[in-house]
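Visitor: Structure provided below as structure tokens; questions to follow.
2 protein chains.
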Amino acid sequence: MDAVTIKDIARALNLSTSTVSRALRGSYEISAETKRLVMDYAERINYQPNPIALSLKENRSRVLGVIVPQIANNFFSQAINGIEAIAYNRGYHVIIMQSHESLEREVLTVQQAMARRVDGLLISISSQTNNLAHLHAIQQRNVPIVMFDRVSAELDAPKIVADNFGGAFAATEHLIQTGRRRIAFVAIPPYMAITQDRLAGYKAALTQYGLPYDDDLVRFVGFQEHEFDPVIDDLLRLSTPPDAFFMAFDRLALWCMTALRKRNIAIPEQVSLIGFTNISVAELLDPPMSTVVQPAQEIGQTAAERLIELIELKEKAPATSTVKIPNTLIVRESTKRKTE
Amino acid sequence: MDAVTIKDIARALNLSTSTVSRALRGSYEISAETKRLVMDYAERINYQPNPIALSLKENRSRVLGVIVPQIANNFFSQAINGIEAIAYNRGYHVIIMQSHESLEREVLTVQQAMARRVDGLLISISSQTNNLAHLHAIQQRNVPIVMFDRVSAELDAPKIVADNFGGAFAATEHLIQTGRRRIAFVAIPPYMAITQDRLAGYKAALTQYGLPYDDDLVRFVGFQEHEFDPVIDDLLRLSTPPDAFFMAFDRLALWCMTALRKRNIAIPEQVSLIGFTNISVAELLDPPMSTVVQPAQEIGQTAAERLIELIELKEKAPATSTVKIPNTLIVRESTKRKTE
DNA sequence: TTGTAAGCGTTATCAA
DNA sequence: TTGATAACGCTTACAA
């Protein structure tokens with residue numbers, strides 16, 4: 008049983024396809040009676056317009072391309088959740104693609120999305136992406152882009168991010184207020200904007216509370232777990248070791264918890280632990296770790312809303328604007344007690 | 008700058024569109040010289056065939072619909088990962104939709120997918136889905152379906168699942184071999200096939216090792232965390248309480264860990280804990296819990312492969328086949344020591 | 001108020 | 001070896 012077309016309706020009702028088309032969209036130039044006739048029949052045989060034909064005609068696909076480093080990642084799967092919610096409400100579908108943290112694959116993926124004629128692109132760039140030529144190229148084709156989470160100053164596009172500065176400030180402030188003085192800050196490579204912002208928040212809190220900034224306490228690691236343990240050991244061997252660990256990245260916080268457990272360092276009796284992370288892990292396992300929870304879903308929603316606006320209004324260059332969605336600080340035992 | 012079409016090439020080269028079309032697909036009836044000419048020019052101006060026009064012509068979209076209860080769930084995001092990997096290799100795109108564990112939304116979602124003219128459907132049904140009329144309907148429209156993970160015997164379609172029986176058997180066997188005798192089994196509502204299979208594996212292992220089956224040790228809970236704690240308390244109050252907990256569902260395992268910690272019940276000194284779960288949580292947090300790891304990604308891959316086969320071969324009714332992908336048992340401290 | 005015809009980008013059929 | 005034309009499903013001038 009093949010799908011019903013306007014032609015089928017026209018034939019059955021002895022009308023022309025254009026009359027049927029107009030009747031279905033409620034055009035004023037069609038008599039009420041014909042309209043009813045067509046509508047009823049269409050309903051009865053379960054007519055559904057073919058979106059592919061429409062896309063061809065209207066030269067748009069009603070599809071949003073979403074490019075993320077990884078789908079199987081709490082943050083991104085929640086963000087996608089938010090994107091989908093908005094997209095479906097507005098009549099768009101979403102095609103999700105992964106760059107696998109590789110610039111090369113990201114470029115390919117962007118090309119694929121263009122080949123698929125997406126109406127707009129939501130992208131969170133890979134950690135390797137230091138060149139945005141592929142994105143500039145599609146902007147020249149007049150396909151709107153919205154960046155989220157992993158954004159870059161080098162592209163003139165709306166950006167939706169968590170308030171990384173504010174979140175890091177709040178986390179650091181909280182540690183200070185609960186009596187910690189030597190706060191280690193560990194993040195992923197420093198060329199990413201999110202890292203920069205979090206580091207700035209950390210520094211600002213130290214300054215505001217009159218604590219010195221110590222380069223020895225600030226470390227950057229890669230994406231491999233084996234790079235992590237030496238960093239912790241190094242920190243612990245300092246002449247004045249840290250009394251708190253602030254892990255400015257999702258996975259780092261979990262690795263740190265494991266590393267401290269292995270070394271029998273008690274949280275929070277000996278050190279405090281706080282991390283940027285996602286609600287699911289944070290809530291399910293009730294870990295000994297306070298958390299700056301990232302508003303992943305809201306970021307996705309906001310980004311999708313912004314993109315659809317751009318697509319539908321087609322205003323030229325609504326200028327680069329960066330929206331910061333606030334984080335939520337969840338305090339647990341790990342950082343509650345004062346130690347001094 | 009709009010996308011380049013075959014017409015543009017034809018005009019520029021003073022050829023007809025049909026010649027260009029044939030040249031681009033390397034048809035034998037076009038002279039080598041013309042071919043080169045066309046190919047070179049197409050390359051130079053970066054021609055990309057419009058997939059929408061193709062879809063209309065060929066009456067297929069090269070899109071797979073994927074319906075899952077939730078995207079923001081480790082198992083499903085990994086499964087989607089596997090699906091995407093296969094799909095992109097075979098030239099398909101993937102549209103992901105969520106049923107949010109609701110039959111009503113699942114029905115809507117299936118209709119949407121059909122309206123979008125997907126070439127095939129991959130579905131993991133919601134926990135509320137007790138009626139498969141919506142799926143039968145699309146089978147009648149000759150759109151192939153493959154079910155994965157959450158499957159139902161009531162639909163005649165290929166099914167890809169984890170080896171739930173085998174995994175539960177292995178977990179139970181492991182607990183028995185490490186000296187446990189009173190093994191609690193907790194799962195989600197019993198009408199789901201996965202629950203049935205896991206329960207059967209549990210029973211089979213008891214039988215094989217000559218242990219009695221005790222109804223008191225087997226419990227079913229809903230999806231809400233507050234339903235969970237009373238069940239644990241109930242089990243602990245038994246005249247002979249369990250010496251091991253087997254949580255036959257992802258979230259339950261995590262809840263159980265938290266519940267036991269709250270009650271100061273030591274793992275594995277007092278009880279063993281083992282659960283069905285996902286690799287990411289299991290690995291990252293190094294929890295005191297052995298795990299039957301579900302091959303989420305492989306399930307996704309296999310399901311996608313099967314679906315694409317069905318789409319492309321268009322064999323009629325390749326019959327219902329159920330593929331079981333083995334689980335992996337990861338043993339940790341939580342179940343290692345013998346207690347008796 | 002309704003119908004005819006052209007067009008969106010591509011391929012297939014038939015002619016030249 | 002190449003070109004003209006029709007067709008996929010739909011919308012929209014333009015005509016009736």
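As they're listed, the protein sequences go chains W and R. The first sequence begins at 8 in our numbering and counts up one residue at a time. The second sequence begins at 8 in our numbering and counts up one residue at a time. Ideal placement from N, C-alpha and C gives every residue a C-beta, glycine not left out.
So, Ser109/W versus Ser133/W, is the Cβ gap smaller than 8 Å?
Guide: Yes, the pair counts as a contact, with Cβ atoms nearer than the cut-off.
Visitor: List, in chain order, every chain W residue whose beta-carbon is nearer than 9 Å to that of Asn271/R.
Guide: Ordered by position in chain W, no residue passes the 9 Å Cβ test against Asn271/R, which lies about 14 Å from the chain.
Visitor: Between the region 158 to 172 of chain W and the region 302 to 314 of chain W, can you find at least three pairs of beta-carbon atoms closer than 8 Å?
Guide: yes
Visitor: At 8 Å on the CB atoms, spell out the chain R contacts of Arg124/W, in chain order.
Guide: Ala10, Asn57, Pro58 and Ile59
Visitor: According to DSSP, is Met296/R helix, strand or coil?
Guide: The answer is coil: DSSP assigns Met296/R none of H, G, I, E or B.
Visitor: Any chance the region 194 to 210 of chain W sits against the region 169 to 181 of chain W, with 3 or more Cβ pairs inside 8 Å?
Guide: yes
Visitor: How would you label Glu276/R, buried or exposed, when you count the other beta carbons within 10 angstroms and need 16 or more for buried?
Guide: exposed
Visitor: In the DSSP assignment, what are the bridge partners of Ile169/R?
Guide: What sits at residue 169/R in the sequence shown is Ala, not Ile. Answer is Ile332/R, bridged to Ala169/R.
Visitor: Taking the CB atoms as reference points, tell me whether Asn88/R and Ala120/W lie closer together than 8 Å.
Guide: no
Visitor: Which residue marks the beginning of the beta strand (DSSP E) containing Thr136/W, and which one marks its end?
Guide: Neither: Thr136/W is in no beta strand (DSSP E) and is coded neither H nor E.
Visitor: By the 7 Å beta-carbon criterion, what residues does the region 75 to 90 of chain W contribute toward chain R?
Guide: Ile78, Ala79, Ser84, Gln85, Ile87 and Asn88
Visitor: Any Cβ of chain W within less than 8 Å of the Cβ of Val114/R?
Guide: no
Visitor: According to DSSP, which residues form a beta bridge with Phe192/R?
Guide: Under the DSSP definition of a beta bridge, Phe192/R partners with Val225/R and Phe253/R.
Visitor: Which class does His107/R belong to by DSSP, given the choice of helix, strand or coil?
Guide: When secondary structure is reduced to three states using DSSP, His107/R falls in the coil class, being assigned neither helix nor strand.
Visitor: Contact criterion: CB-CB distance below 8 Å. Does Ser297/W meet it with respect to chain R?
Guide: no
Visitor: Identify whether Thr307/W lies in helix, strand or coil by the three-state DSSP scheme.
Guide: Here the sequence assigns Gly to residue 307/W, which means Thr is not the residue at that position. Looking at Gly307/W - three-state DSSP - the assignment turns out to be helix.
Visitor: Tell me, to the nearest whole angstrom, how far the beta carbon of His100/W is from that of Arg69/W; I am working on the premise that it is less than 8 Å.
Guide: 7 Å
Visitor: Taking the alpha carbon of Tyr198/R as the reference point, which residue from Asn138/R, Val125/R and Lys14/R has its own alpha carbon closest?
Guide: Asn138/R
Visitor: Going along the chain, which residues of its own chain have a beta-carbon closer than 7 Å to the beta-carbon of Ser28/R, five neighbours each way excluded?
Guide: Ile13
Visitor: Run through DSSP, which three-state label would Val11/R get?
Guide: If DSSP states are grouped into helix, strand and coil, Val11/R belongs with coil.
Visitor: Tell me whether Phe230/R is buried or exposed, calling it buried when 16 or more other Cβ atoms sit within 10 Å of its Cβ.
Guide: exposed
Visitor: Helix, strand or coil: how does DSSP classify Val70/R here?
Guide: Here Val70/R sits in strand by DSSP.
Visitor: Decide if Ala289/W is buried, meaning its Cβ has at least 16 other Cβ atoms within 10 Å, or exposed.
Guide: Any reading at Ala289/W must be qualified, since the residue scores a pLDDT of 49, below 50, and its modelled position is unreliable; the value itself is stated next. So Ala289/W ends up on the buried side.
Visitor: Would you report the Cα separation of Phe283/W and Leu243/W, rounded to the nearest angstrom?
Guide: Distance between the alpha carbons of Phe283/W and Leu243/W: 21 Å.
Visitor: Can you give me the C-alpha to C-alpha distance between Gln203/R and Leu320/R, rounded to a whole angstrom?
Guide: 33 Å
Visitor: Using a Cβ-Cβ cut-off of 6 Å (strictly less than) and excluding sequence neighbours within five positions of Ile93/R, which residues of its own chain qualify?
Guide: Gln308, Ala311 and Glu312
Visitor: Compare the Cα-Cα distances from Leu20/W to each of Val330/W, Lys42/W and Pro333/W and report the closest residue.
Guide: Lys42/W
Visitor: Which term fits Asp222/R, buried or exposed, when burial requires 16 or more other beta carbons within 10 angstroms of its beta carbon?
Guide: exposed
Visitor: With burial defined as no fewer than 16 other Cβ atoms inside 10 Å of the residue's Cβ, what is the status of Gly98/W: buried or exposed?
Guide: exposed
Visitor: Using a 10 Å radius around the Cβ and a threshold of 16 neighbouring Cβ atoms, would you call Arg51/W buried or exposed?
Guide: exposed
Visitor: What residues in the region 96 to 112 of chain R bring their beta carbon closer than 9 Å to a beta carbon of chain W?
Guide: Taking 9 Å as the Cβ-Cβ cut-off against chain W, the residues of the region 96 to 112 of chain R that qualify are His100, Val101, Ile102, Ile103, Met104 and Gln105.
Visitor: Could you tell me which residues DSSP puts in a beta bridge with Ser279/W?
Guide: Ala251/W
Visitor: Note down, in chain order, every chain W residue with its Cβ under 7 Å from the Cβ of Leu63/R.
Guide: Ile59, Ala60 and Leu63
Visitor: Check the Cβ-Cβ distances between Ser68/W and every residue of chain R, and say whether any is below 8 Å.
Guide: yes
Visitor: Starting from Leu63/R, trace the alpha helix (DSSP H) both ways and give me its first and last residue.
Guide: Pro58 to Glu65
Visitor: Check this for me: beta carbons of Val153/W and Leu314/W, under 8 Å apart or not?
Guide: yes
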